[in-house]
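A.B. asks: Here the sequence shown stands for residues 5 to 353, where the numbers follow the working numbering. Virtual Cβ for every residue (Gly too), placed ideally from N, Cα, C. Since this is a predicted model, take the numbers as computed values, not measurements.
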Amino acid sequence: MAEKSGSPYQELLPGLVTVQQHIIANQRRHAEATGEFSFLLSGITIATKVLASKVRKAGLVDIFGATGEQNVQGETVQKLDRMANDLLMHCIGYRRSVGALASEENETVVDLTETGRTGKYLVLFDPLDGSSNIDVNIPTGTIFSILVRPERGEWQQGGDVHTEILQPGLKQVAAGYVLYSSATTLVYTTGNGVHQFVLDPEIGAYVLVAERLQVPARKKVYSVNEANSGTFPKEVQDYLAWTKTEAAGYSSRYVGSFVADFHRILMQGGLFLYPPTAKAPSGKLRLMYEANPMAFLIEQAGGAALDGPQRILEKTPKKLHERTPLYIGSKGEVAILQAFLQGKGAPPA
Ligand code: AHM
Ligand code: MG
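1. Listed in chain order, which residues are found with a beta carbon closer than 5 Å to a heavy atom of ligand 2?
2. Please check the pair R290 and R315, which I expect to be a contact at CB under 8 Å, by giving their CB distance rounded to whole angstroms.
3. Among the candidates I142, P220, V165 and L151, whose CA atom is the shortest distance from the CA of T188?
4. How big is the Cα-Cα spacing for G260 and L105?
5. May I ask you to verify whether the region 47 to 64 touches the region 177 to 195, counting CB pairs closer than 8 Å and requiring at least 3?
6. List in chain order: all unbroken alpha helix (DSSP H) runs of 4+ residues lying wholly within the region 142 to 197.
7. Closer than 7 Å: is that where the CB of E108 sits relative to any heavy atom of ligand 1?
8. Going by alpha carbons, who is nearest to K323 out of R86, E215 and P172?
9. For a quick check, are the C-beta atoms of P329 and Y278 less than 8 Å apart?
10. What three-state label does DSSP hand I27 in the structure shown?
11. Which two residues bound the contiguous alpha helix (DSSP H) that contains D311?
12. Under 8 Å by Cβ, that's how I've got L203 and K53 pegged, so tell me the actual separation to the nearest angstrom.
13. Any contact between the region 243 to 254 and the region 297 to 308? By contact I mean 3 or more CB pairs, one from each, below 8 Å.
14. In this structure, does DSSP put A282 in helix, strand or coil?
15. Once you ignore the five residues that flank F43 on each side, which residues in its own chain have a CB closer than 7 Å to its CB?
16. Drop a sphere of 10 angstroms on the beta-carbon of E337, count the other beta-carbons inside from all chains shown, and report buried for 16 or more, exposed for fewer.
17. Can you tell me the Cα-Cα spacing of N30 and A179, whole angstroms?
18. Sorted by chain position, which residues of the same chain lie with C-beta nearer than 6 Å to L317's C-beta, five sequence neighbours on each side aside?
19. List the residues that DSSP assigns as beta-bridge partners of V127.
20. Kindly indicate the opening and closing residues of the beta strand (DSSP E) around E215.
21. Between the alpha carbons of A35 and P297, how many angstroms are there, rounded?
22. Going by C-alpha to C-alpha distance, which of A308, S286, K335 and P352 sits closest to P321?
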């Protein structure tokens with residue numbers, strides 16, 4: 005359960021802690037952290053504040069709907085997708101500490117080192133996840149993942165950001181998301197717990213509401229696009245059949261916007277599944293900027309994330325837009341699913 009905000013920061017500003025103060029205070033506890041890191045994150049907070057206001061006004065101005073183009077994944081590009089991408093590219097790319105950017109909407113890594121920049125951070129993002137839901141007023145979100153350019157020789161020889169960026173999720177130094185819903189919520193981790201902020205529209209700042217979030221170990225709720233279940237692996241079909249037995253007693257919730265489904269699970273527990281299907285044999289979600297950041301967050305909150313046999317954070321990506329099957333959520337719920345995947349079947353009643 006969420007531990008309410010309190011002691012460590014109250015001495016800085018009683019009663020109110022902004023995300024910027026929180027990051028700076030955390031940095032003070034880590035000697036190796038530098039001010040450039042908090043400046044980088046401020047690029048994300050500025051871009052997402054602007055985006056939150058655009059999402060809210062989407063019906064009032066002409067930014068609903070599609071651009072008429074398709075992105076590198078062959079998906080329809082919504083006008084807000086484009087705007088979100090441009091905003092994040094601009095606000096993060098402007099930071100000198102950033103060496104390269106990668107987005108769901110761009111085919112290749114945007115290499116800022118080509119312009120003489122030597123920034124050590126590599127920032128990946130899904131600018132507007134769930135964007136097909138925009139026109140019907142369903143929540144969307146921005147997901148981000150931050151890696152560090154390896155010292156030459158440590159990771160790949162040659163210093164090419166296109167290969168340097170292909171790091172396993174375990175190497176992330178920060179990750180998070182912003183959920184645009186009834187409230188605009190920012191959740192982040194730098195490997196020191198998961199912290200939640202809400203955008204206070206009156207002061208225009210993300211304000212701390214909970215620190216060191218922990219996902220409940222069990223919750224009998226699963227989240228999946230069950231229309232695809234006919235081509236799920238047999239073990240996943242067996243799991244879903246078991247959840248529907250009277251003894252198991254599960255419920256189902258599926259928004260169809262990953263950030264929204266994930267946020268509910270982080271707060272209340274449960275399991276999100278996007279297994280391989282006939283249409284998407286490697287799963288639908290992208291490893292580097294959807295699965296990895298959420299896996300970092302859920303593990304920090306005491307949960308788990310697998311691709312089936314393997315822990316998501318241990319996967320070494322072969323390409324930027326690689327997809328992965330994903331099973332993520334409460335530790336106990338992931339363990340039950342894993343037992344099905346291993347052919348062990350249902351837990352004892
Ligand atoms: P997107 O990044 O193109 O928006 O696609 C990802 C979205 C997720 O938000 C969501 O979990 C999933 O696709 C839903 O897929 P489906 O419509 O197949 O259930
Ligand atoms: Mg997405």
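C.D. replies: In terms of the structure at hand:
1. D130 and D133
2. Position 286 of the sequence shown holds residue 290. Position 311 of the sequence shown holds residue 315. Going by Cβ atoms, the distance from R290 to R315 rounds to 17 Å, so no, they are not a contact pair.
3. Locating residue 188 in the sequence shown gives position 184, where the first residue counts as 1. Closest option to T188, Cα to Cα, is I142.
4. Within the sequence shown, residue 260 is the residue found at index 256, counting from 1. Within the sequence shown, residue 105 is the residue found at index 101, counting from 1. If you take the alpha carbons of G260 and L105, they lie about 26 Å apart.
5. yes
6. 165 to 168
7. Within the sequence shown, numbered from 1, the residue matching residue 108 stands at position 104. Yes; taking the cut-off as 7 Å, the Cβ of E108 has a heavy atom of ligand 1 nearer than that.
8. Residue numbering aside, residue 323 sits at position 319 when the sequence shown is read from its first letter. For K323, the nearest C-alpha among the options comes from P172.
9. Here residue 329 corresponds to residue number 325 of the sequence shown, with the count starting at 1. Here residue 278 corresponds to residue number 274 of the sequence shown, with the count starting at 1. Yes, Cβ-Cβ distance for P329 and Y278 is below 8 Å.
10. Walking along the sequence shown from the start, residue 27 turns up at place 23. I27: helix per DSSP, three-state reduction.
11. By 1-based counting over the sequence shown, the position of residue 311 is 307. For D311, no alpha helix (DSSP H) segment is defined, and its DSSP state is neither H nor E.
12. One-based indexing of the sequence shown puts residue 203 at position 199. One-based indexing of the sequence shown puts residue 53 at position 49. L203 to K53, Cβ: 7 Å. Contact.
13. no
14. As a first step, residue 282 must be located in the sequence shown, where it is residue number 278. Looking at A282 - three-state DSSP - the assignment turns out to be coil, as it is neither helix nor strand.
15. In the sequence shown, residue 43 corresponds to position 39, counting from 1. Counting only Cβ-Cβ distances below 7 Å, and skipping sequence neighbours, we find R99 and S101.
16. Translated into positions along the sequence shown, residue 337 becomes position 333. When all chains shown are included, E337 counts as buried.
17. The sequence position of residue 30 within the sequence shown is 26, counting from 1. The sequence position of residue 179 within the sequence shown is 175, counting from 1. For N30 and A179, the distance between alpha carbons rounds to 15 Å.
18. If you number the sequence shown from 1, residue 317 lands on position 313. Only G173, L174 and A299 meet the Cβ criterion.
19. As a working mapping, residue 127 is identified with position 123 in the sequence shown. L105 and I150.
20. Residue numbering aside, residue 215 sits at position 211 when the sequence shown is read from its first letter. Note, E215: beta strand (DSSP E), A209 to E215.
21. The residue given as residue 35 occupies position 31 in the sequence shown. The residue given as residue 297 occupies position 293 in the sequence shown. Any reading at A35 must be qualified, since the residue scores a pLDDT of 49, below 50, and its modelled position is unreliable; the value itself is stated next. The alpha-carbon atoms of A35 and P297 are separated by roughly 24 Å.
22. In the sequence shown, the residue the question calls residue 321 occupies position 317. Selected option, being the one with the closest Cα: S286.
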